[in-house]
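A.B. asks:
There are 4 protein chains.
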Amino acid sequence: MRTSQEYHKRLYAMRPNLYIGGKKVGRDDPRIKPGINVMSVTFDMAQDADWEGLTTAKSSLTGKKINRFTHLPQNPHDLMQKQKMIRLLAQRVGGCIQRCMGMDAIIALSIATKEMDDKYGTEYHHRFMDYLKVYQERDLTAACAQTDMKGDRIKRPHEQKDPDAYVHVVEVRDDGIVVRGAKISITMASYADEIIVVPTRALREEDKDYAVAFTIPADWEGVHLITRPVSVRERKKIKCPFAEMGVSDSVVVFDNTFIPKEKVFMCKEWEFGRRLALLFADSHRHSYSGCKPAVSDILCGATALVAEANNIERVAHVRQKLSEFAGGAELSYAAGIASAIYGEKTSSGTFFPNAIYANVGRRLMGETIYHEFNILSEIAGGLSVTLPYEEDFNSEETKAWLDKYIMRNPKIPPEVAHRIWRLVENLSASGMAAWYEIAGVHGGGSPIMETIALNIDYDYESKKDIAKYLAGINKELDQSKLLKEEPAC
Amino acid sequence: MRTSQEYHKRLYAMRPNLYIGGKKVGRDDPRIKPGINVMSVTFDMAQDADWEGLTTAKSSLTGKKINRFTHLPQNPHDLMQKQKMIRLLAQRVGGCIQRCMGMDAIIALSIATKEMDDKYGTEYHHRFMDYLKVYQERDLTAACAQTDMKGDRIKRPHEQKDPDAYVHVVEVRDDGIVVRGAKISITMASYADEIIVVPTRALREEDKDYAVAFTIPADWEGVHLITRPVSVRERKKIKCPFAEMGVSDSVVVFDNTFIPKEKVFMCKEWEFGRRLALLFADSHRHSYSGCKPAVSDILCGATALVAEANNIERVAHVRQKLSEFAGGAELSYAAGIASAIYGEKTSSGTFFPNAIYANVGRRLMGETIYHEFNILSEIAGGLSVTLPYEEDFNSEETKAWLDKYIMRNPKIPPEVAHRIWRLVENLSASGMAAWYEIAGVHGGGSPIMETIALNIDYDYESKKDIAKYLAGINKELDQSKLLKEEPAC
Amino acid sequence: MRTSQEYHKRLYAMRPNLYIGGKKVGRDDPRIKPGINVMSVTFDMAQDADWEGLTTAKSSLTGKKINRFTHLPQNPHDLMQKQKMIRLLAQRVGGCIQRCMGMDAIIALSIATKEMDDKYGTEYHHRFMDYLKVYQERDLTAACAQTDMKGDRIKRPHEQKDPDAYVHVVEVRDDGIVVRGAKISITMASYADEIIVVPTRALREEDKDYAVAFTIPADWEGVHLITRPVSVRERKKIKCPFAEMGVSDSVVVFDNTFIPKEKVFMCKEWEFGRRLALLFADSHRHSYSGCKPAVSDILCGATALVAEANNIERVAHVRQKLSEFAGGAELSYAAGIASAIYGEKTSSGTFFPNAIYANVGRRLMGETIYHEFNILSEIAGGLSVTLPYEEDFNSEETKAWLDKYIMRNPKIPPEVAHRIWRLVENLSASGMAAWYEIAGVHGGGSPIMETIALNIDYDYESKKDIAKYLAGINKELDQSKLLKEEPAC
Amino acid sequence: MRTSQEYHKRLYAMRPNLYIGGKKVGRDDPRIKPGINVMSVTFDMAQDADWEGLTTAKSSLTGKKINRFTHLPQNPHDLMQKQKMIRLLAQRVGGCIQRCMGMDAIIALSIATKEMDDKYGTEYHHRFMDYLKVYQERDLTAACAQTDMKGDRIKRPHEQKDPDAYVHVVEVRDDGIVVRGAKISITMASYADEIIVVPTRALREEDKDYAVAFTIPADWEGVHLITRPVSVRERKKIKCPFAEMGVSDSVVVFDNTFIPKEKVFMCKEWEFGRRLALLFADSHRHSYSGCKPAVSDILCGATALVAEANNIERVAHVRQKLSEFAGGAELSYAAGIASAIYGEKTSSGTFFPNAIYANVGRRLMGETIYHEFNILSEIAGGLSVTLPYEEDFNSEETKAWLDKYIMRNPKIPPEVAHRIWRLVENLSASGMAAWYEIAGVHGGGSPIMETIALNIDYDYESKKDIAKYLAGINKELDQSKLLKEEPAC
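Residue numbers (the numbering used here), protein chains in the order written: chain Y, 1 to 489; chain E, 1001 to 1489; chain D, 2001 to 2489; chain Z, 3001 to 3489.
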């Protein structure tokens, strides 16, 4: 397993292919540092003996101890450990731990490559597992590039005016393929070792060029990352972990990019477009059952803290609102557990979470995230968005006034009160707030996508059978399908 | 295990102590038959070999096969089987299976009696386990009488103007105790073998006479059941299972009732009032994670069926609304699973569900039940509440007209269409609808009770610690408490 | 203006064409008495000098004082008086005053007949105004029969397998027309003087036979009313106004029914199908801004009263929940006022409410009605649905117990407490509760119908223009359309 | 009436007493320019003949034409014009027009000063009206400084550890008073001509020093403004109105500040603390019925526009969501109209909006604002928060790629598409988004404040009387209070 220093060293040595604010920059640009800081925590915590077995795992390929972010879950317990690890780390970085993208990509590819091989006699699975051994050995980080620009949203890929609206194969050579297109909203691409590409939607035969999956180093020739960093206003003196963390998203442009054969895991198997897209999405939705509870934990903690600073922590409506965070966090977490318990062993050996539970859990989070920010704001009051800048708290002319007036609860000294309000401002009244709100809606798919996924899998006919039985339309009620299957536990 | 016939036989032989509509009646009164029919299903399904191991269990006391409704869960799997069984049976009777009341009462008493004995050196646990052997052997049904009339809701028991506002001990004799008071809203009391009494709230030393728990046969001397039956309008020709089922609730009056010593399981141990009250409530809230999904299943099935009858099943907003049932049912069910997985082995050996998950799950259901009926009504249309009586569909003068006009989807013949609308009417436009709505809010405690229970147990301080760490107020973040405990699975 | 006695006399003399529960019955059948009682209040209150000018109006046709239920609004004040009158009477009968159906029908016909005449040179308007003079003079009550059975909901009238799925013209004669079909969910048809028929939806040329509007006496030859009465359980001793009131809905069958020419107000003018349907619907939605606030008032009052009976009226969460009724009632009422203020004078002289405000108001009510019942139930507790029957409160054997235990707030004597709980039971735990819930969703059109109506009229393009201006896409912002029109006030 | 140039000239000549980011700065600091731009629109639109009578009014003091922002409403029509003007201007500046703060302050003071004089024989009203003449004549802008820092939120002013937690009188001199304390979250203070101070809450006799109201120029000796500007990321090439607008909030420190007698409008009349606080708050809540609909209009327009850019504008769920904006905007607007219609003429002659309707309207907006941003984000997709910076769209290296891929709907050229996404980013994914969310909750008082205000005024007893009548507890129902009052219209 790598240390965060080793990760940094490799990163800073990469070819510059980042654009931020109109300029090409290196990976040492300070604007992506907050994202690198998040990534570093995933390495540091794997080195921490206290968390052995949670942040680490025993490789199903090699039997060696590996960072759990590179591990393929083998059983329900592995899925629950994945959830736990994500909640643990997300609490520590103040939200999105980001690295689960790569983890969910390798889980999805481990399964889909096996199923494609079984159907077509291709060699993707072996090829992918070879790659995965290296991935685990080198403890790599990967962004998963799934979302295409998509062009006209009501047209299929092959119907688009611009054929590049979705990433696609433009040439197949003996030694690899050439691809073109752009993936958007790709979190952590600018500080990942690798970029793993998977399809974004169901495909038809006419779309077969769009059925493509592969991996390449993030600084690969022909790959361009137009990057938007998000972080809170830099702290001058009142430093804190939350203000050190951040995220960057990129438009990843593939401009006739050559992908070597050994890195290609799907090429024109259009019938598996939807399968691979959903394998990634559903695995990622299960990951949300770890990180979203942590986001609720953070918002809950900040709300309780600012309620204490306002000295209203015991007021009935505040208690009631705090309990909403508890409900949101634990229902999401419970959905993740049920998803693990009712998961299934795939033909590849990878244990996959139950899609129904992953989707009902993720949807709940997407539906409530704005409301959770609303609660924080309601309890904090307007000050969270009108708080003078940090410098005014440090400046000779104004410090005495602000120190005097920032105190509400007399038990909380001015600097602590300032830190509380500053955290609340960072959390709820910054561009970062918007990032968490919008990622909370869309990351891994928005509520409407989960409704669609749910409606595909959910067995409404068996529910109608219950109604038909109760209405006397059918004389018998077959409940075997619904209830006989034993949970994996 | 008893058959339903044996249950009936014992029931009909009981002493008449029921009052319905101003008259004393026997247990053969047709108005309580729908409740007896529900109870019968719990016996019949335990005889069905297909469900062996689900509707039955191996007694932890005797090793014998018993009806699971009389079993003490020993591990997470037992709790998950309990959930499953309840969902199975609830689907079959069209909702509340009722008998889990007794199950949750014996679970609560098995734990609390052990803890009281450990603290006070009393003999309750042994006494209770002796009783439980008989209970399992005879396959008894029990109503759990918890809710007192309560008098002035902002006063404690001993502060009430009428000391009988809560059931209490009025005399302690060598051979037993004498109690007085009334328990209200006691489901199935009128067709149960036994009534088990437990306290309804936390108590102080001044309230110690109110700390009382015991069991007695439902027709015991000095016990009076003033009973309100609920069922749908009787069907004349278009019979169906749903219309055969129903429920009765009773005011259970104890009028200086003598309880023999061997049936007394708590007497003045006021410090355990809250513990025993919550043990029953939390266990019962876990039971809701089985039955409430079934209620959603039924409403979902009826909604999908009536949408089919309206031929709008594929319309986007209908699909969206159907998915809300899926979300409600499965989030509740997931909360039950997490509650099982994160449950704990008590000193008595009984495995108890995690209270946080039991409460967030139950609260969700209480918050959404009216909305679920709303969805059904919205899709069904006004006809559900304006449907002419069944007799008009059978009468010579009007049958032809109604048969002609009841058809909407041409694939569904008149009688089936009529059956669908009749079921929807029974479900959503009857006194039974109100019963499911109100029981859905209050059974096992209303949302505000779950919020209170949650706020007692939920670890808000650890959430504040996360915020303090992120704000730089604390330098370290201790996450051990939150995440180190392994789930029982 | 008639007295209620005169109304009764005429009613009881009508030809029996009612079917209830498989039998043909007269209008003296006790099951429709609760509906007749509601209707009577509309006559009695018009006789009450205190309400002169509110329950009465000056006829725009004759200048005479008439019952406002027969009046055509001439200005915003008339519309506001209509709202007020409905709220007044609805509070008094415990909910739906019913008679506004006829009022909204005459308003709609006064406008549509004029517009048809203007376009086609027909004579409907004159014909209708002649009829209206009689209507006002005789102070008639009318049910408006709009909703057809509709058959397959995704097919248009002329595409239906059964052409009678919608009421239609089967023959045109010199002296009138012959119609066939059935209207469903027709409130008060069984105790109205007249039945006024209007189309239920937009029509195409192929549907022209379905473009038909007319009026006939409710006991007309060839009209058959299959009626479902709804009321609460009859009181034996503890009488009260709420329990005297109720409602009946009918399936109105037209079986080759002849309609005399002078009663026909639309015949095949398919282009006005949608117009007339919406005129009635929008006018009726405006009426809801009077009655729905009254329903909220009643639920609010019952909730406050039962909170007092529980002695929890000052508890914070109770206060918060009570305020939700205030919000619901007054936002709805405000929508009605805005609808009046921004209404328009039509070519017929009738002043018509603004459709946008009528629809946003009505939709809000449809979305919150179940929630309002939920609040009542939450505050009342389970007792509302488990309250023993009235007879048990009167019976010698059980009266003492129930009188003793029904007391919670010591200031409220047993009979009053019993009356409170009985009202709450009647309101929330009866078939009547379901009627108010479902009528609250569907009466005048369900929320989805209002969304559709809204989306037709609402000027989204002007909102996009604002965004285009702010984005710098358009250099100018034309706000004239949006803001220049003066309110009628 | 002034021109915006005259406003600028006076502003730039003011004494520097602003602190931003640790430095004292002049009013020409570019960071407050966006706020000044908003203010300028209020002058420009009053010069526009098209809006004569809406943005202008005839002074009730002098009969001269004045800017409506300096006018005292005299009748319902004036209140409706105020609403309209605010909606008009708010659409134009992309949200908060800010200047209504001063307008609501003069309205409140015109009433409270009269009432104090009537009770105490003081001279405040005359003094205030003299000031108001100047205010109208010079067309001044004023921030209203109401919210104190408040210290410990559960203690009253005189109980605070730091007596300066609320602004208070520290000395009364013959020629004026000396005050100390700080007001927070004071919008537009840094670019207003005047600061008007009013109390923030109900006061008791012990709090009398906190009963103080006055006005002073914003650059007055002893007044210090620690200011936090909020605006979106500066545009380089793709300019647009929205990006030019912004807001600043200040902590306003009074450090033993002398206030001349003729500017003091309340001094120790503690019994009017609550009255004056609520007069301002309720008037401001009525103002929200103009601006909040405009915010919904903008969000609605942006959502419809981005839906068009995604080519999903006709999709059912998009249409449904758009209609939610229509509902929110028009219900709020309707509440404002009802508030005007049911307003009252005060003893001062100022016509004041009805508090019930002002509060139910404002509360609705506070409850839905986060949800409205949620809808925009849901329809826009993740791109709104991951959109590369403007410079990357302009840079030679990346322009071609971004122009190519930003196109979704082929009818919308790249620059327009970019402008749409940029507006959406500015609106929903910036610090400005948080400002609108949080101001949407708290401006004029948060939902819980409106619930409290509502519960004070709302006549729950009359609702209980309805229930008592319906239950047969009372034989009569007095409805006179509820329904007899005529609307002002």
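We treat Cβ as the ideally placed atom computed from N, Cα and C, and that holds for glycine.
Spatial neighbours of E:P1388 within its chain, please: CB distance less than 7 Å, with the 5 preceding and 5 following residues excluded, ordered by chain position.
C.D. replies: For the purposes of this step, residue 1388 of chain E is taken as residue 388 along the second sequence, with counting starting at 1. Excluding residues within five positions, the ones whose Cβ falls inside 7 Å are L1402.
A.B. asks: Between Y:S348, Y:M103, Y:Y12, Y:V179, which lies nearest to Y:V253 when the distance is taken from Cα to Cα?
C.D. replies: Within the first sequence, the letter at position 253 stands for residue 253 of chain Y. Nearest of Y:S348, Y:M103, Y:Y12, Y:V179 to Y:V253, Cα basis: Y:V179.
A.B. asks: Taking the beta carbon of D:H2126 as the centre, do at least 16 other beta carbons fall within 10 Å, making it buried, or is it exposed?
C.D. replies: Looking up residue 2126 of chain D in the third sequence gives position 126. D:H2126 should be labelled exposed.
A.B. asks: Here's the rule I'm using: 16 or more other beta-carbon atoms within 10 Å means buried, otherwise exposed. How should D:N2256 be labelled?
C.D. replies: By one-based count along the third sequence, residue 2256 of chain D stands at place 256. With fewer than 16 other Cβ atoms within 10 Å, it is exposed.
A.B. asks: Buried or exposed for Y:I406, please, with buried defined as at least 16 other CB atoms from any protein chain shown within 10 angstroms of its CB.
C.D. replies: For the purposes of this step, residue 406 of chain Y is taken as the residue at position 406 of the first sequence. Result: buried.
A.B. asks: Considering only the alpha carbon of each residue, which of Z:V3223, Z:V3169, Z:L3278, Z:A3302 lies closest to Z:G3444?
C.D. replies: Taking the fourth sequence and counting its residues from 1, the one referred to as residue 3444 of chain Z is at position 444. When each option's Cα is compared against that of Z:G3444, the closest is Z:L3278.
A.B. asks: For Y:R99, collect the residues of the same chain with a Cβ closer than 7 Å to its Cβ; drop the 5 residues on either side in sequence, then sort them by chain order.
C.D. replies: Looking up residue 99 of chain Y in the first sequence gives position 99. Answer for Y:R99: M39, T42, F69, T141, listed in chain order.
A.B. asks: How many Å lie between Z:E3115 and D:M2365 at the Cα?
C.D. replies: In the fourth sequence, counting from the first residue as 1, residue 3115 of chain Z sits at position 115. In the third sequence, counting from the first residue as 1, residue 2365 of chain D sits at position 365. Going by the C-alpha atoms only, they are around 39 Å apart.
A.B. asks: The beta strand (DSSP E) that contains D:R2002, what's its start and end?
C.D. replies: If you number the third sequence from 1, residue 2002 of chain D lands on position 2. Taken as a continuous stretch (DSSP letters only), D:R2002 belongs to no beta strand (DSSP E), as it is neither H nor E.
A.B. asks: Which residues in the same chain as Z:I3259 place their Cβ atom closer than 7 Å to its Cβ, once the five residues preceding and following it in sequence are excluded?
C.D. replies: Reading the fourth sequence from its first residue, position 259 is the one you call residue 3259 of chain Z. So the list reads G3176, I3177, V3179, F3214, I3216, once near-sequence residues are dropped.
A.B. asks: Give the range of the beta strand (DSSP E) segment to which Z:V3253 is assigned.
C.D. replies: Position 253 of the fourth sequence, counted from the start, is the residue given in the question as residue 3253 of chain Z. Z:V3253 -> beta strand (DSSP E) spans 3246–3260.
A.B. asks: Identify each residue in the segment 107–134 of chain Y for which the Cβ-Cβ distance to at least one residue of chain E is less than 7 Å, and report them in chain order.
C.D. replies: The segment 107–134 of chain Y vs chain E, Cβ under 7 Å: nothing.
A.B. asks: Reducing DSSP to helix, strand and coil, say where Y:R180 ends up.
C.D. replies: Locating residue 180 of chain Y in the first sequence gives position 180, counting from the first residue. Correct three-state label for Y:R180: strand.
A.B. asks: Determine the extent of the alpha helix (DSSP H) in which Z:H3418 is found, giving its start and end residues.
C.D. replies: Your numbering for residue 3418 of chain Z matches position 418 in the fourth sequence. First-last of the alpha helix (DSSP H) with Z:H3418: 3414–3428.
A.B. asks: State whether the segment 2045–2053 of chain D contacts the segment 2012–2030 of chain D, with contact taken as three or more CB pairs (one from each stretch) at a distance under 8 Å.
C.D. replies: Contact between the segment 2045–2053 of chain D and the segment 2012–2030 of chain D is absent, because fewer than three Cβ pairs lie under 8 Å.
A.B. asks: Which of the three DSSP states, helix, strand or coil, is assigned to E:D1104?
C.D. replies: Position 104 of the second sequence holds residue 1104 of chain E. Helix.
A.B. asks: Judging by CA-CA distance, which residue of E:T1386, E:A1326, E:I1337, E:D1209 is the nearest neighbour of E:T1368?
C.D. replies: Start at 1 with the first residue of the second sequence, and residue 1368 of chain E comes out as number 368. That would be E:A1326, whose Cα lies nearest to the Cα of E:T1368.
A.B. asks: Please report whether the beta-carbon of E:Y1357 lies at a distance below 8 Å from any beta-carbon of chain D.
C.D. replies: As a first step, residue 1357 of chain E must be located in the second sequence, where it is residue number 357. So no, E:Y1357 is outside the interface.
A.B. asks: Can you give me, in chain order, the residues of the segment 1308–1322 of chain E that have a beta carbon less than 7 Å from any beta carbon in chain Y?
C.D. replies: If the cut-off is 7 Å between Cβ atoms, the segment 1308–1322 of chain E has R1319, Q1320, L1322 near chain Y.
A.B. asks: Pick out whichever of D:M2103, D:I2086, D:M2101 has its Cα sitting closest to the Cα of D:G2095.
C.D. replies: Within the third sequence, numbered from 1, the residue matching residue 2095 of chain D stands at position 95. Of the candidates D:M2103, D:I2086, D:M2101, the one whose C-alpha sits nearest the C-alpha of D:G2095 is D:I2086.
A.B. asks: Curious, which full-length alpha helix (DSSP H) runs of at least 4 residues does the segment 1007–1083 of chain E contain?
C.D. replies: Here the runs fully enclosed are 1033–1047.
A.B. asks: Return the CA-CA distance between E:D1209 and E:F1272, expressed in angstroms with no decimal places.
C.D. replies: For the purposes of this step, residue 1209 of chain E is taken as the residue at position 209 of the second sequence. For the purposes of this step, residue 1272 of chain E is taken as the residue at position 272 of the second sequence. So the two alpha carbons sit approximately 12 Å from each other.
A.B. asks: Considering only the beta carbon of each residue, do Y:I298 and E:I1466 sit closer than 8 Å?
C.D. replies: Within the first sequence, numbered from 1, the residue matching residue 298 of chain Y stands at position 298. Within the second sequence, numbered from 1, the residue matching residue 1466 of chain E stands at position 466. In this structure, E:I1466 lies closer than 8 Å to Y:I298 by Cβ.
A.B. asks: Starting from D:V2223, trace the beta strand (DSSP E) in both directions and tell me its first and last residue.
C.D. replies: Taking the first residue of the third sequence as 1, we reach residue 2223 of chain D at position 223. Looking at the DSSP string, the run of the beta strand (DSSP E) that includes D:V2223 is 2223–2231.
A.B. asks: Excluding the 5 residues preceding and the 5 following E:V1232 in the sequence, name in chain order all residues of the same chain whose CB lies nearer than 6 Å to its CB.
C.D. replies: Taking the first residue of the second sequence as position 1, residue 1232 of chain E is located at position 232. If we look at E:V1232 and ignore the five residues flanking it on each side, its Cβ neighbours are A1243, N1426, S1430, M1432.
A.B. asks: Is it true that the CB of E:K1468 sits closer than 8 Å to the CB of Y:L79?
C.D. replies: Taking the first residue of the first sequence as position 1, residue 79 of chain Y is located at position 79. Taking the first residue of the second sequence as position 1, residue 1468 of chain E is located at position 468. No, the pair does not count as a contact, with Cβ atoms beyond the cut-off.
A.B. asks: Return the chain-ordered ranges of every alpha helix (DSSP H) run that is complete within the segment 2256–2344 of chain D and spans a minimum of 4 residues.
C.D. replies: Counting whole runs of 4 or more residues, the segment 2256–2344 of chain D contains the alpha helix (DSSP H) stretches 2273–2309, 2316–2341.
A.B. asks: Among the residues of its own chain, which have a CB less than 7 Å from the CB of D:F2393, if the five just before and after it don't count?
C.D. replies: If you number the third sequence from 1, residue 2393 of chain D lands on position 393. Hits under 7 Å: K2399, L2402, H2418.
A.B. asks: Can you list, in chain order, the residues of its chain with a C-beta nearer than 8 Å to that of D:E2330? Leave out the 5 residues immediately preceding and following it.
C.D. replies: For this step, residue 2330 of chain D is matched to residue 330 along the third sequence. Within the same chain, D:E2330 has close Cβ partners P2293.
A.B. asks: What does the alpha-carbon distance come out to for the pair Z:E3378 and Z:N3310?
C.D. replies: Position 378 of the fourth sequence, counted from the start, is the residue given in the question as residue 3378 of chain Z. Position 310 of the fourth sequence, counted from the start, is the residue given in the question as residue 3310 of chain Z. So the two alpha carbons sit approximately 12 Å from each other.
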